[in-house]
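Novice:
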Amino acid sequence: MKYADLHLNIRIRIITDFFTDLTQKSIIPFMAIYLSVQIGAGLAGLLLMVNIVVSMIVGLWAGYWSDRIGRKKLMVIAQSLQVVALLCLASANSPWMDSIIVTCVMFLLSSLSSGITVPIANAMIVDVSSEHERHYVYGLQYWTTNVAVTFGALMGGLFFESFRFLLFSLVCLESMVSLFILVFMVRETMDKRAISSTKHSKGSGPSTRLMEADAPIQKNILNTYWAVFQDKRFMVFFMATVLSVSLEFQLDKYIAVRLKSEFTAQLFGSDISGLHLSHPLYC
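All residue numbers for the sequence shown refer to this note's numbering, where the first residue is 729 and numbers rise by one.
As structure tokens, this is what we get:
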């Protein structure tokens, strides 16, 4: 199995996901520190919890709608929201403006956008890959993600406190490039005939279109997931996974906040704090 043998969408996603993780991981782990200082640890924890819950809910919604209107269209909408959120985040932490309220709202919108994008991107990979290819793809994603997270955290540790506007601007620029690539290079992976049959499965008259745009949509979503909720073994596994991952994903944020408030040391004449490596070069 070679990288060049993969579908174009997968090759693009691996590259763009690497740079997305690289830039976003330079700010996301440190947002817990920033928010805990600005609004208190309790409210910061509540905001992060809301972000996770919202991301999960919109992820379920996005999975249903991507089967109806196609993967690419919904991803373009989500990525556009991401660009707007990051642009506002950069503006709210710029030399000309400092607004914690805008930062919190746009951070939530950014999480919402990610919650839409991630499950659809995974579905897109499944659409254009065989079972044999997925072992290679997910293994490659695992390593590229770890490398990106490592260097992203290093960038954030060095520059977040003093150069937050620069980091937010860098993340916003990367998001704009990803949107451009998504619009002009990524191909729709769902069969157009499947999308069409889904849209017109109940007829194509005006009354039908009104019904599909109203309450039946929510009813169909609930009916779709109700079959999943009835699988007791899967739900036990699902809840255990959610509880485990929720703790795992908060570990880096908890450690970051604690190191910020409690850890300080010196190494080779340089001050090392829990947030960044302070050196005359950066002061």
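We treat Cβ as the ideally placed atom computed from N, Cα and C, and that holds for glycine.
As the structure is a computational prediction, the values presented were derived from the model and not from experiment.
I'd like to know if the stretch 731-743 and the stretch 803-811 are in contact, where contact means that at least 3 CB-CB pairs between them fall below 8 Å.
Specialist: These segments do not touch.
Novice: Would you mind sorting residue 951 into buried or exposed? The rule is 16 or more other CB atoms within 10 Å of its CB.
Specialist: Against the sequence shown, residue 951 aligns to sequence position 223. Per the 10 Å Cβ criterion, exposed.
Novice: Going by alpha carbons, who is nearest to residue 778 out of 893, 740, 809 and 837?
Specialist: Stepping through the sequence shown from its first residue, residue 778 is reached at position 50. Looking at the Cα atoms, 837 is the closest of the given residues.
Novice: Can you give me the Cβ contacts of residue 746 inside the same chain, cut-off strictly under 6 Å, excluding the 5 residues immediately before and after it?
Specialist: Position 18 of the sequence shown, counting from 1, holds the residue named residue 746. The residues are 872 and 876.
Novice: Going by C-alpha distance, which of 971, 960, 916 and 975 is nearest residue 796?
Specialist: Within the sequence shown, numbered from 1, the residue matching residue 796 stands at position 68. The candidate whose alpha carbon is nearest that of residue 796 is 916.
Novice: Can residue 751 and residue 898 be called in contact, C-beta distance under 7 Å?
Specialist: Counted from its first residue, the sequence shown places residue 751 at position 23. Counted from its first residue, the sequence shown places residue 898 at position 170. Taking 7 Å as the Cβ cut-off, residue 751 and residue 898 qualify as a contacting pair.
Novice: Among residues of its own chain, excluding the 5 on either side of residue 841, which ones have a beta-carbon nearer than 8 Å to its beta-carbon?
Specialist: Against the sequence shown, residue 841 aligns to sequence position 113. Only 806, 807, 809, 810 and 813 meet the Cβ criterion.
Novice: Can you tell me which of 785, 911 and 884 puts its alpha carbon nearest to the alpha carbon of residue 749?
Specialist: As a first step, residue 749 is located in the sequence shown; it is residue number 21 there, counting from the start. The option with the nearest alpha carbon to residue 749 is 884.
Novice: Can you give the Cα-Cα distance for residue 827 and residue 817, rounded to whole angstroms?
Specialist: Numbered from its first residue, the sequence shown carries residue 827 at position 99. Numbered from its first residue, the sequence shown carries residue 817 at position 89. Rounded to the nearest angstrom, the two C-alpha atoms are 9 Å apart.
Novice: So for residue 733, helix, strand or coil by DSSP?
Specialist: Your numbering for residue 733 matches position 5 in the sequence shown. The answer is helix: DSSP assigns residue 733 an H, G or I state.
Novice: Output the distance between the C-alpha atoms of residue 790 and residue 856, rounded to the nearest integer angstrom.
Specialist: As a working mapping, residue 790 is identified with position 62 in the sequence shown. As a working mapping, residue 856 is identified with position 128 in the sequence shown. About 19 Å.
Novice: Grouping DSSP H, G and I as helix and E and B as strand, with all else coil, what is residue 825?
Specialist: By 1-based counting over the sequence shown, the position of residue 825 is 97. It is a strand residue.
Novice: Have a look at residue 825 and residue 854 and give me their C-alpha separation to the nearest angstrom.
Specialist: Locating residue 825 in the sequence shown gives position 97, counting from the first residue. Locating residue 854 in the sequence shown gives position 126, counting from the first residue. Whole-angstrom Cα-Cα distance: 43 Å.
Novice: Pull up the distance between the alpha-carbon of residue 1008 and that of residue 893, whole angstroms please.
Specialist: Residue numbering aside, residue 1008 sits at position 280 when the sequence shown is read from its first letter. Residue numbering aside, residue 893 sits at position 165 when the sequence shown is read from its first letter. Confidence at residue 1008 is low in this model, with a pLDDT of 33, below 50, so the placement of that residue is unreliable and no value is reported for it.
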